[in-house]
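Numbering (my numbering), first residue to last: 40 to 478.
These notes are about the structure you will find just below.
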């Protein structure tokens with residue numbers, strides 16, 4: 040053997056076959072073809088090698104195997120021919136689907152669905168203690184009703200094993216009958232309860248941080264958008280942050296907040312939140328509720344859209360739907376069309392995407408459009424004023440001071456137990472003063 044010969048110590052990649060099902064009359068945002076392309080990218084992000092693909096159109100899913108019996112036979116032959124270890128479905132499967140598919144596929148073939156794959160990616164990419172707790176809670180709640188098989192491929196150590204994510208590895212292994220299954224379920228119920236308690240403590244700490252921020256009256260802008268739209272690149276460009284960026288889905292899942300100084304010394308906070316995706320697992324939305332509250336508390340949402348993506352409109356819609364789900368759809372939103380450096384035609388853009396008429400066109404990669412974006416931020420957060428008349432009790436003198444500092448006072452009268460103010464305030468402060476309005 041040569042003296043200096045090196046050996047690859049990395050474990051071999053799992054080989055996967057992707058399976059898509061188009062349901063008649065099902066109004067998906069993306070076509071089956073586009074959704075499978077996205078599933079391919081998810082698999083690649085998870086470190087899986089895709090070796091084949093299978094699709095079918097049905098009126099409704101097969102209650103047993105999700106796809107039709109003939110397709111199951113075709114899938115079985117494909118798994119054997121391509122020596123695949125894993126079959127990934129583009130939709131969420133139930134326990135019966137998993138059990139029946141595993142019984143019919145070659146022995147040892149693992150079955151995973153889109154939700155499980157996304158959870159796996161989050162487990163690999165969560166780096167903060169909070170992120171790991173959130174991912175582990177989502178994994179446990181996903182695993183609990185599906186304890187019919189070995190899930191060791193799903194639950195991995197996150198961030199090099201430094202956190203808690205991954206500690207449920209091994210549950211659901213085929214063992215000595217129902218006794219082992221019930222024992223596994225009991226362990227997961229206990230784990231879910233413990234994780235919820237720990238996340239409640241985290242949420243309490245976050246609320247204290249938000250309270251301090253609100254007292255400072257520094258506006259908060261939340262970056263939202265489809266995964267891989269370029270939010271982290273934009274945060275880095277605006278604030279010289281050092282957020283990890285990669286051309287992969289869900290490259291970053293932990294939120295990052297940085298200060299940005301606008302013209303005339305004005306400052307804002309910008310937070311980069313987890314990217315959205317179509318069919319975003321509800322377990323993740325629930326587990327990341329505390330993190331997503333950064334979005335709900337924002338004064339303005341910057342919705343970053345990858346305008347070079349042929350499915351840009353559908354991706355925009357998927358984000359809007361998720362904002363509705365987390366009750367953030369009433370927050371003012373500025374759309375930012377990213378990656379215009381890839382050759383976007385303005386006339387075609389205006390013709391095909393009327394919802395983007397007032398959007399800011401930028402390239403977070405090369406800095407194009409940054410001046411206009413900062414001007415629009417300054418305009419909304421500081422310059423756009425709303426006329427209002429308020430009756431503020433003396434116990435809330437901080438609001439009186441804030442009106443004088445950030446607004447324009449046209450008339451002020453001190454009464455016995457309150458102050459009457461007529462004037463104008465920045466749009467972002469309207470929610471603070473709305474409870475004290477009077478005609």
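Here a beta-carbon is modelled for each residue, glycine too, at the ideal position from N, C-alpha and C.
As the structure is a computational prediction, the values presented were derived from the model and not from experiment.
CB of residue 483 within 8 Å of CB of residue 352, strictly: This structure cannot settle anything about residue 483, because the visible part of the chain is limited to 40 through 478.
Residues near residue 459 by beta carbon distance below 6 Å, same chain, minus five either side: 430 and 452
Cβ shell of residue 295 (< 6 Å), same chain only, five flanking positions each side left out: 282 and 311
CA nearest to the CA of residue 314, picked from 400, 362 and 68: 362
Straight-line Cα distance separating residue 378 from residue 267: One Cα belongs to residue 267, the other to residue 378, and the distance between them is close to 11 Å.
C-beta atoms of residue 165 and residue 333 nearer than 8 Å: no
Buried or exposed by the 16-neighbour rule on C-beta atoms within 10 Å, applied to residue 98: exposed
Beta-carbon contacts of residue 399 that lie in its chain and below 8 Å, excluding the five residues immediately before and after: 373, 374, 375, 376, 408, 411, 412 and 415
Of the listed residues 477, 286 and 349, nearest to residue 404 (C-alpha basis): The shortest Cα separation from residue 404 among 477, 286 and 349 belongs to 286.
Simplified DSSP state of residue 348, which is helix, strand or coil: coil
Among 473, 322 and 463, the one whose alpha carbon lies nearest that of residue 173: 322
CA-to-CA distance, residue 299 to residue 463, given in whole angstroms: 25 Å
Residue environment, residue 337, which counts as buried when at least 16 other CB atoms sit within 10 Å: buried
Residues of its chain near residue 107, where Cβ-Cβ distance is below 8 Å and the 5 sequence neighbours each way are ignored: The residues 95, 97 and 101, in chain order, have a CB closer than 8 Å to that of residue 107 in the same chain once the five nearest residues on each side in sequence are set aside.
Inter-residue CB distance, residue 54 and residue 88 (contact presumed, cutoff 8 Å): 5 Å
Start and end residues, alpha helix (DSSP H) containing residue 112: 108-121
Which residues DSSP lists as bridging residue 97, in chain order: 62
Local conformation of residue 208 per DSSP, three classes: Caution applies to residue 208, whose pLDDT of 37 falls short of 50 and renders its modelled position unreliable; the value that the coordinates give is listed next. Correct three-state label for residue 208: coil.
Assigned secondary structure, residue 460 (DSSP; H/G/I helix, E/B strand, else coil): Note: residue 460 maps to strand in three-state DSSP.
Buried or exposed by the 16-neighbour rule on C-beta atoms within 10 Å, applied to residue 447: exposed
Three-way DSSP call (helix, strand, coil) for residue 84 in this model: helix
Pairwise C-alpha distance: residue 261 and residue 71: 31 Å
Nearest-angstrom beta carbon gap, residue 103 and residue 135 [assumed within contact, 8 Å]: Contact flag correct, Cβ pair sits at about 7 Å.
Residue nearest to residue 345 in terms of C-alpha spacing, selected from 269, 331 and 142: 269
Start-to-end residues for the beta strand (DSSP E) that takes in residue 128: 125-128
C-alpha gap between residue 280 and residue 342, whole angstroms: 19 Å
Proximity test, residue 134 beta-carbon vs the ligand ADP heavy atom, cut-off 7 Å: Of ligands this structure carries none, so the ligand ADP is not represented either.
Pick from 257, 105 and 120 that is closest to residue 56, judged by C-alpha positions: Between residue 56 and the set 257, 105 and 120, the nearest pair of CA atoms involves 120.
Cβ shell of residue 316 (< 6 Å), same chain only, five flanking positions each side left out: 266
Coarse secondary structure for residue 164, derived from DSSP in three states: helix
Beta-ladder partner(s) of residue 424, from DSSP: 465
Buried/exposed call for residue 320, threshold 16 Cβ in 10 Å: buried
Where residue 265 falls: helix, strand or coil (DSSP): strand
Under 8 Å between C-beta atoms of residue 182 and residue 149: no
DSSP three-state assignment for residue 239, whether helix, strand or coil: Assignment of residue 239 by DSSP, reduced to helix, strand and coil, places it in the helix class.
C-alpha gap between residue 465 and residue 306, whole angstroms: 14 Å
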